[in-house]
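Beneath this line is the structure, given in structure tokens, with notes to follow.
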Amino acid sequence: MTTITEKVFIKNEPMFFIGDFVTTTNQIEMSEKALIPKQWEKFYSNQLANQIQSKKNATILALYTNYETDENGSYSFAIGAEVSNIEQIPDGMKSYSIEPNQYIVFTTRKGPVQEVVVEAWQHIWEWSKTNKRAFTTDFELYDERSIDPNNSQVDIYISIK
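If you're matching positions, the sequence shown starts at 1 in the UniProt record's numbering and goes up one per residue.
So, in structure tokens, the structure goes:
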């Protein structure tokens, strides 16, 4: 059974992020050329989280930003962490400032991480048909609830107008 909860969250302070970025589209992500799974594989196999020196905590963020238009255009995707400063940026990574915004937070059910995140995005795409996304910066938050990939719960922050 798919159970996804929604709540409004207002972020009043900017948040600094360091991560490994790629540019993709949803069309690419629904094909055999998908880049996001490769980014996750690279992130874990190269232990990129350990290279980010100024992490605020152990939480991993998957960032969606620099939207060309909406869900139909290109966007930047990055995996990394919130940081206290952007003074030391590891080779191959970039910094990004997540500006204050209003979000709807979608919380997945507990289950296999790849399954629950896909379910949540399907729910978000349906939700988007009757709600106003801002298409500024969205992110998935992987905290202590996501340690077990077979029994994970993830929050997805969607920027709204």
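Here a beta-carbon is modelled for each residue, glycine too, at the ideal position from N, C-alpha and C.
Check	Outcome
Cβ pair count under 8 Å reaching 3, the stretch 18-35 against the stretch 64-75	yes
Cα-Cα separation, Ala62 to Ile79	4 Å
Cβ neighbours of Val154 in the same chain (closer than 8 Å, five flanking residues each side left out)	Thr107, Thr108, Val113, Val116, Val117, Ala120, Glu140, Leu141, Tyr142, Arg145 and Ser146
Neighbourhood of Phe9 by C-beta distance below 8 Å, restricted to the same chain and skipping five residues each side	Gln102, Tyr103, Ile104, Val105 and Tyr157
Residue ranges of each beta strand (DSSP E) within the UniProt domain "AraC effector-binding" (5-161), 3 or longer	5-11, 15-24, 60-65, 75-83, 94-98, 101-107, 137-142 and 155-160
Status (buried if at least 16 other CB within 10 Å, exposed otherwise) for Met30	exposed
CB of Ile18 within 7 Å of CB of Ser97, strictly	no
Distance between Thr130 and Asn50 (C-alpha atoms, nearest Å)	40 Å
Buried or exposed by the 16-neighbour rule on C-beta atoms within 10 Å, applied to Tyr64	buried
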